[in-house]
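For any residue, its number in my numbering is found by taking its place in the first sequence, counting from 1, and adding 33.
We put the beta carbon where it would ideally sit given N, CA and C, even for glycine.
Reviewing the structure listed below.
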Amino acid sequence: MKLVTWNVNSIKARREVVSLYLDEHAPDVFCVQELKMPTEKVPLDLFHERGYEVAIFGQPRWNGVLIASKAPISAVHKGLPTVDEGQARLIACETMGLKLVNLYCPQGQSAESPKFIYKKRFYDRLIEWINETYSTEEQLILTGDFNIAPRPIDLYDVHQFINVPTHHPEELSRWQQLLDWGLVDLGEEYIPDGEFTFWDYRRGAFQRNMGMRIDHFLGTYSMVERVENARIIRDFRKKKNGMTASDHAPVELLLKD
DNA sequence: ATGGTAGCACGGCTA
C-alpha cells in the first residue's frame, strides 16, 4: 500500500494539482495539511470521484488537516486536547489496519517568538497524548508536516539554523522524545541524504535547492519491517500547466501488505 | 537593503 503526506498550501488553490497527483500516483491513504478552508467548504467530490473516503478537520484561513483513504475510515479523532487554541492541526483515525495521526505542527517563526513557545507546548502535549492514546505494540504511524528538520543534512545550510526553529535544540530534544517513546523515522533509511520536502517560495529557494526535510513518517517498530520504500515526489514542487505548486512536495511511503 | 513569494481576503497575518 502507498501512504502519502502532502502540505498542499490551500486545497482550494491546489485543487487541479492535487487531482493530477491523485490520478498519476494513486495513493491508498492520503494525508493533507494546510487546507486553509473550513471543513464544510473542502471539495469532497475531488476525493469521492476517485473512490476515497475522507475525514476532515478544517478551519477558515489557516491550518486544516484531512485524511483520505481507499478503505473505510473509523475512530476519527480531531484536535490535540488542551493546546489547540482553535487551530486545526491534528486528525487521527484507523484505516487499512493502521492507526494513523496526521499532523500540521506549528512552525515557530523565530526562537524569540511566542509562536516558538507555542510550538514547544504543542510538542510536549503531543508526546503526552501519544503516550495516553497509543501503545508501542500497535501498527501506528504519525505523519505530516512536523516543521522539524531532525538531522543537519536535512537542511540546505545548517549554519543558518543555529538556535533557529526547524533545527533548534529545544525541538530536537522533543523529536528525540518521540523516538525514545518507540517511534522510528521511516523515511530516513530510504530517502537519500540531502533530499528535501520543502522549499520556501522566496529568494528562488527551489531553483537553488535551498530546502529542508520537514515532512515525515514516524512509525512504531512493527512498521519498520513493513517499509518497502520512501520517496519525495520532487516534480510536484514545479509549476504544472502554469499552475503554481505548493511549497512542499508529496512524500510517499510504500508498505508491504 | 530587516528584503523575497504565495494564500487568504482586501489589510495584515502566516509561513
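Of the listed residues Leu131, Ala121, Leu77, nearest to Phe90 (C-alpha basis): Ala121
Distance, Ala59 Cα to Ala88 Cα: 18 angstroms
Terminal residues of the continuous alpha helix (DSSP H) containing His200? His200 -> no alpha helix (DSSP H), and no H or E assigned at all.
Tyr137 vs Gly112 beta-carbon contact at 7 angstroms: no
Which ranges does the beta strand (DSSP E) cover as unbroken runs of at least 3 residues, wholly within the region 114-198, from first to last along the chain? 123-128, 131-137, 173-178
Tell me which same chain residues have a C-beta within less than 7 angstroms of the C-beta of Ile186, skipping the five on either side of it? Asp226, Gly227
Over what stretch of residues does the alpha helix (DSSP H) that includes Phe80 continue unbroken? 78-81
Should Pro139 go down as buried or exposed, given a rule of 16 or more other Cβ atoms within 10 Å for buried? buried
Keeping to the same chain, check which residues put their C-beta closer than 8 angstroms to that of Gln142; ignore five residues upstream and five downstream. Lys148, Phe149, Pro198
Given that a residue counts as buried once 16 or more other Cβ atoms are within 10 Å of its Cβ, and exposed if not, what is Gly252? buried
Under 7 angstroms between the Cβ atoms of Asn135 and Ile100? yes
Please list, in chain order, all residues of the same chain as Leu36 whose beta carbon is under 6 angstroms from its beta carbon, the five residues on each side excluded. Val62, Leu286
His249 and Gly220 closer than 7 angstroms at C-beta: yes
In this structure, how does DSSP classify Trp214 when only helix, strand and coil are distinguished? helix
Look at the Cβ atom of Asn96, then the Cβ atom of Asp280, and state whether they are nearer than 7 angstroms. no
How would you label Ala108, buried or exposed, when you count the other beta carbons within 10 angstroms and need 16 or more for buried? exposed
How far does the beta strand (DSSP E) with Val109 in it reach, from first residue to last? 106-111
DSSP three-state assignment for Ser206, whether helix, strand or coil: helix
Return helix, strand or coil for Asp280, following the three-state DSSP convention. coil
Secondary structure of Gly237, DSSP reduced to three states: helix
With DSSP run on the structure shown, which of helix, strand or coil describes Arg264? strand
Using a Cβ-Cβ cutoff of less than 6 angstroms, which residues in the same chain neighbour Ala125 once the five nearest sequence positions on both sides are dropped? His110, Val134
Cβ atoms of Val260 and Val217: under 7 angstroms apart, would you say? no
What residue does the beta strand (DSSP E) around Glu86 start on, and which one ends it? 86-90
If you draw a straight line from the alpha carbon of Pro76 to that of Ser102, how long is it in whole angstroms? 15 angstroms
Check the C-beta distance from Lys132 over to Glu171 and give it rounded, since I have them as a contact under 8 angstroms. 5 angstroms
In chain order, what residues of the same chain lie with their CB nearer than 7 angstroms to the CB of Lys273, ignoring the 5 residues before and after it? Val50, Leu53
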